[in-house]
Amino acid sequence: MKSQTFKLTVFLLFVFSVMFGNGMESAIENALVTNDLFRDSSYVSDDGNYIMEGIFLGDSLIEIKNVIPVEELEKRNSKIEYISMGGENTTDSTFASGQGILPNLELPIKFPSKVARYIGQGGEISINGSEKLEFGVNKSEDLSKKDLGMNTSPLPEILSKQHMDVSVQGKVGQRIFVNMHQNSDEDINSLANNINIEYKGDEDDIIHNIKAGNVDMLVPNTRLIGALPAHKGLFGINMKGAVGPAKFTFVASKEQSQTEKNSFVGQSVLHTDTIWDTEFIKNKYYILGLQPDDSLIQLFVFRDDNNGTNDSVTGAKPAICYIDPQNPNDTSYSQTGRFNLLEAGDGKDYTYDNYNGILKLTNTLQSGERLAVSYIKAKKGHPTDLDTVGTVSFASTDTLRLKLIVPSDQTPAYPTWDLMLRNIYEISVGSIVQNSFSMQIYHADTSNSNTYNGKSYMEILGIGDSTTVYYGYVNYLEGYIIFPELKPFLNSQLPEQDSIYDKASFSNSDGRKYYIVVTYRGLQQNYNLNAMNILEGSEVVTVDGEKWERGIDYTIDYETGVVKLLKRLSNPDAKVNIDYQISPLFSTSSKSLLGFNTQLIDIPGLNFSTSWLYKSEKKGNDHPTLDELSSRDFVGEADLTYTKRLQFVDDLLNRISFINNPSQSQLQLASNFAFSDPKLNVFGQAYIDDMEGINLETSLMGGSYIYWHNSGVPVGQDTMNFCDKLYWFNPHDGIKVKDLYPNYPLEQLENTISVLKIIMKPHDNSALSWGGITNVTYPGGEDYSKKDYIELWVKGDAGELHIDIGTNMSEDAPRRNRNGEIVGYNDSLDTEDRNHDGLFEQTSDSSNEDTGIDGVSGTDGASVSGDDGNDDYKFYADNPDNYLYLNGTEGNRRFDTEDLDGDGTLNRNNDYFEIKIDLTHDNPVISRANGWKLYRIFLKDAQSIDTVGNPTLEHVKYVRLWINGFTTTDSISIAKFNITGNKWEIQPLENLDDSMLTDEDSIISVSSVNNQENKDYIPPFNIQKTQYGSYEKEQSLVVNYNKLPPRNQIFITEAFSRSYDYINYKKIGYYIYNENSGTTPEVAVRFYTDDNNYYEYSISVDTGWNYISVPISAFTDLKSMEPDTINVFEKANFKIVGRPSFRRIRKIGIGLKNKTYSPLSGKFYVDDIKLTDQLSIPGYSTMASSRLNIGGVLALNFSVGNTNSNFKPLNQTFPSGNDNVNLSYQATFNADKFIPARLGFTLPVSYSYSSTRAYPKYIVNSDII
């Protein structure tokens, strides 16, 4: 690839010659005609084992195209051995030292006199660099592909690596220069790889210089438009010139860098953290459930990592964990596992705060892990009255008895739930300067107030007064806050209690009713910009407005982003600003920059310059969201500066003998005016939700049949009816996309979809016979509480398919041996790991553990005692669909065990949900003519789901598929087996007066429909075609409602991870499809600032598609009329509850309102909720300043500026929204000028004043102007 670039560069030089010359000299012409310049040739390697095919320039090798082994390479497991060919082996050894890869090539070009007048005659090219080729062979075998029926090549793989570092310098005439550098080890987009073509003019020419390729742009004297003085990382054209007294620069380029900015204060970094109430530290801090008068004498802490394979290595001991070890007869919620004893102490596994009774883990507990303790305690005041809880002597104990602190499947229903502390919040850094720390707590309503009923939230929660945190509630060294109450935001004095303490996980809509803001300084020697690939020379470091110089005042590491100050700060609270540009490793945007700058010169004392920049950035696609907007900026700034030396003042000071070394006196007056015309969204609209990504699918297929295993016995079944034969596998060819989705794009119809096929031979041909397989989704469990339904495609016309998902399932799995006898159902763990060392040993002697799950080696049919006789694994490469031996566990080179979740124990518990699909009677959602049927089972449909034990969707580990109802050998095939949720969540049913009723989930359900999977779906607008001629996917949200009660309403909502600002758009639009022609509910949309503050618009819609457009100003105008004393205000279709703001939208909702007196059922589609008619308003900024220096004795500085609310600098994403008026002045008197210089004193006396007044465009915390 790099050689091709090299040849292209040589070719470009030739093109220059053809463009400007009368013709080529015969030497160059003949070389091209006879193809002698570049030629292909073959030669034998030095060791005689390989034939090398390469490309030569003259007699020198510049690229190796192919390496052919002389003898066949047949070793199956050869290591990679590279043969290195350095540049010295690929170049002519007769070249003189210092000439590079090739000697300089003179280009005998003769240009016409008119052309030569501008560029001169002749040309040359020089090439320097090195090339290194490494090659070798490797043979490896992927066992998983073989298990899946995929062939692997028996031949070894030929490997090669090329390293090339080439610099090419060329010249055409005397004024055109070409420079190129290419390094194959650099990233393809790295700025280290560059190419430049440059034209150099004379001083008297209008055009002084033109550069093409990697260029920079200088933008001097700009203080307002947010442009760096030097723009680095541009790729385009840069032209410089002069006309009379004016110099100018023009750049048209693609920007390959992005601008960043960091601010610091003094020798510490100023931080401001916002911490939501839901962001307490999880799985790290615990209490032990002791009584207030208990005193802990001795503590032992145990951890089960839920990994049975390392138990023998770590010395884990078996244990039974109880809620109360002193009452072992109560086994409810008890758990078994294998535990390791943890070490106490700083820097070890845990510490225990005996005063506060808090156990702190060094490493947070991971999902599925268990925590347990044993201890000796005494009553306070009674040191001899000891009480032992659990096992505290381990030497002679086989099985420990422990107190359970955290179970493997922790849920709010567990008695241990409240042992984890939820009142500790982490600060982002430690080593906090204590006197710099400040904290406030705010209510996240429209007021964002930090007080309620005259008291601050800090006082209400008992952590401080209105301004200060009480001693002991902040750990400044480790960086965390601890509240005095265990559940602080459930305090009854709060205006709104937060229900965040009974949830295992949080969605965007949970909690977030309060937030903590902390400001502090973290001590730091150096400034870390947290950036890499900083462009050299792009940084600008200013300290209190003064620009510092690299190498004198500071150093910077461009690779790591660390800035180190070399000069001590005179002001410990000095404000340090660092602007810089980086070359991002990955970028999804395309940026362009046009710039023009001109300066007037040769006018004594007067300097005028103006800069105009046009910057565009394209992100994402034609469906932009507020997180991914394509924008363009047009800014301009004019600077007029007058500088006058005050010679008469200098003359006066020089006559005063006691003033030391007076410097030059000077007066400077400057003024700047800037203009901006931003287009925040070039498309003019932004999608709130286009419904294309609303489905949240998780596959339950397991990836491959090898991850499914014989299942335990479902509750209600027994081994008497266990099937005679059960096979499961992935058919080699699967099925085609067209078999399930005939409307998919043409280019996707022949793609393959994996299928899981289950074949069962029933025992005695009885319909009661059953057989099943089990898979573990994740050993630590998955949270499916936000999922709505299970969906799968099934092919099969007989029997019943049962789907079990749950927290626990019995792992004791029966199987039939060669004689048809039930084996393995023995209440003990069957595993191939016979010595329990956690290692799977595959050998050819008696220590071999690949014996099958029966633990006995023996060829099927050999009648080996203890061997099942039917467990051998065989795979037939010539017939990969021969499934008879694919489920064999002996010789399959995989570790087989009944311990499916890997916790080292046999799970005997059953806590799961069961779904039954009758393949002969149940109606599918879709039925294809080829026998495939789509089933969708809603998880909140109580009629479709049975419950066994105490399962929870918040902690699902097991998935089981089992079959019954066959009266002869038959099969079921399964594809696209998913559990699916939706971004839109169903809310409780309400009366029309907004009072909550109950969780009537069955009234409404949400799903999706699109033009590729649902042939009857018609989108609301014309769909574009892809490059292959197929229609793009278009999807809508489906809202089904069933018997919506009269005078009731129900909403679905989508919560966002942050708040969004809609105020820069005029309208909100969306599509609604009404499938019913009769009476239907009104459709409402809501825009929430929080649950108690929202806008609502309701409308009745006609049958078919409707486009609804709602003007934002209709809400804000209505709100400006609303009396402050009214919490709910309605007019026509509009409704305002509380004090919402379009500047802070955190959630949207769609609701159905039944205003009739009869239940209603039906269906709506919703598509493309978006903001339209984006506002773009020009802005301006002005500044005037003066500087007076009187001989270095007295310095007076003054500046005043005004920026209006719509002005947007280049380095800001949005306008500030404030009209700002800035005023500052400073006076510095250097008293040391009156002290003899030999004493070395510096004695500056300074006074400064600065003021910034901001006048918000909108009322504070509102969207009203």
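Read in numbering that gives the first Met the number 0, the sequence shown has 102 at position 103, and its numbers run on one by one without any break.
Note that CB positions come from ideal geometry on N, CA and C, so glycine has one too.
Being a predicted model, the structure only gives us computed values, none of them experimental.
Original post:
Nearest chain C C-beta to L287 closer than 8 Å, yes or no?
Top reply: The structure shown has no chain C; it contains just one protein chain.
Original post:
Near Y1248, which residues of its chain fall below 7 Å by C-beta distance, leaving aside the five closest residues on each side in sequence?
Top reply: S1223, Y1224
Original post:
Since P1208 contacts I224 with CB under 8 Å, what's their CB separation in whole angstroms?
Top reply: 6 Å
Original post:
Tell me which same chain residues have a C-beta within less than 6 Å of the C-beta of A211, skipping the five on either side of it?
Top reply: I196, I236
**OP:** Count the CB pairs spanning the stretch 1179–1193 and the stretch 644–660 that are closer than 8 Å, and state whether there are at least three.
**Re:** yes
Original post:
Q665: which of G604, D689, T718, F721 sits nearest, CA to CA?
Top reply: Answer by Cα proximity: G604.
**OP:** Could you tell me if T751 is buried or exposed, where buried requires 16 or more neighbouring beta carbons within 10 angstroms of its beta carbon?
**Re:** The residue is exposed, with fewer than 16 neighbouring Cβ atoms inside 10 Å.
**OP:** Kindly indicate the opening and closing residues of the alpha helix (DSSP H) around K1118.
**Re:** Residue range 1111–1120 is occupied by the alpha helix (DSSP H) that includes K1118.
Original post:
If we call anything under 8 Å between Cβ atoms a contact, is I978 one with I789?
Top reply: Yes, the Cβ-Cβ distance between I978 and I789 is below 8 Å.
**OP:** For Y285, count neighbouring Cβ atoms within 10 angstroms of its own Cβ and tell me buried if that reaches 16, exposed if not.
**Re:** buried
**OP:** Closer than 6 Å by C-beta to G307: which residues in its own chain qualify, once you throw out the five before and the five after it? Chain order, please.
**Re:** So the list reads D898, G901, D902, G903, once near-sequence residues are dropped.
**OP:** Under the assumption that T968 contacts K760 (Cβ atoms under 8 Å), give the Cβ distance between them as a whole number of angstroms.
**Re:** 4 Å
Subject >> Nearest-angstrom Cβ-Cβ length linking L592 and K618, presumed shorter than 8 Å >> reply: Contact doesn't hold; Cβ gap of about 16 Å is too wide.
Original post:
Using 8 Å as the Cβ pair cut-off and three pairs as the minimum, do the stretch 862–880 and the stretch 738–751 touch?
Top reply: Not touching, per the Cβ criterion.
Subject >> Per DSSP, the bridge partner or partners of N1039 >> reply: Beta-bridge annotation (DSSP): N1039 is paired with S1004, K1162.
**OP:** Classify S1004 as buried or exposed, calling it buried when 16 or more other Cβ atoms lie within 10 Å of its own Cβ.
**Re:** buried
Original post:
Looking at C-alpha atoms only, which residue of G823, Q663, L493, A673 is the closest neighbour of F633?
Top reply: Nearest of G823, Q663, L493, A673 to F633, Cα basis: A673.
**OP:** Under 7 Å Cβ to Cβ from S846, same chain only, skipping five residues before and after it: list those, please.
**Re:** So the list reads E840, once near-sequence residues are dropped.
Original post:
Nearest-angstrom Cα distance between S1058 and I175?
Top reply: 54 Å
Subject >> Spatial distance of P414 from Y500 (CA atoms) >> reply: 14 Å
Original post:
Expressed to the nearest angstrom, what Euclidean distance is found between the alpha-carbon atoms of F1133 and P1139?
Top reply: About 13 Å.
Subject >> 8 Å CB neighbourhood of S96 in its chain, flanking five on each side removed >> reply: The predicted position of S96 is uncertain, since its pLDDT is 36 and thus under 50; no value can be drawn from it.
**OP:** Kindly give me the distance between the Cβ atoms of L1242 and A1226, rounded to whole angstroms, as I take these residues to be in contact under 8 Å.
**Re:** Contact flag wrong, Cβ pair sits at about 15 Å.
Subject >> CA-to-CA distance, T277 to D836, given in whole angstroms >> reply: 42 Å
**OP:** Using alpha carbons as the reference points, say which of E889, I1049, K786, G711 lies closest to F937.
**Re:** K786
Original post:
Quick one: is E913 buried, meaning 16 or more other Cβ sit within 10 Å of its Cβ, or exposed?
Top reply: buried
Original post:
Hey, how far is the Cα of Y1257 from the Cα of D1172?
Top reply: 20 Å
Original post:
Cα separation between H622 and L628?
Top reply: 9 Å
**OP:** Take G964 and list the residues in its own chain whose beta-carbon comes closer than 6 Å to its own, dropping the five residues that flank it on each side.
**Re:** Excluding sequence neighbours, G964 sits near A766, G798, E799.
**OP:** Go ahead and pull the three-state DSSP assignment for H207.
**Re:** H207: strand per DSSP, three-state reduction.
Subject >> Status (buried if at least 16 other CB within 10 Å, exposed otherwise) for A26 >> reply: With a pLDDT of 39 at A26, under the threshold of 50, the predicted position of this residue should be treated as unreliable, and no value is reported.
Original post:
Hey, P1177 and D676: beta-carbon distance below 8 Å or not?
Top reply: For P1177 and D676, yes; Cβs fall inside 8 Å.
Subject >> Sequence-distant residues of the same chain with beta carbon closer than 6 Å to D867, five excluded per side >> reply: N816, D853
Original post:
With DSSP run on the structure shown, which of helix, strand or coil describes K1256?
Top reply: Taken through DSSP and simplified to helix, strand or coil, K1256 comes out as coil.
**OP:** Mind listing, in chain order, the continuous alpha helix (DSSP H) runs of no fewer than 4 residues lying wholly within the stretch 415–476?
**Re:** 456–459
Original post:
How many Å lie between T888 and K402 at the Cα?
Top reply: So the alpha carbons of these two residues sit roughly 38 Å apart.
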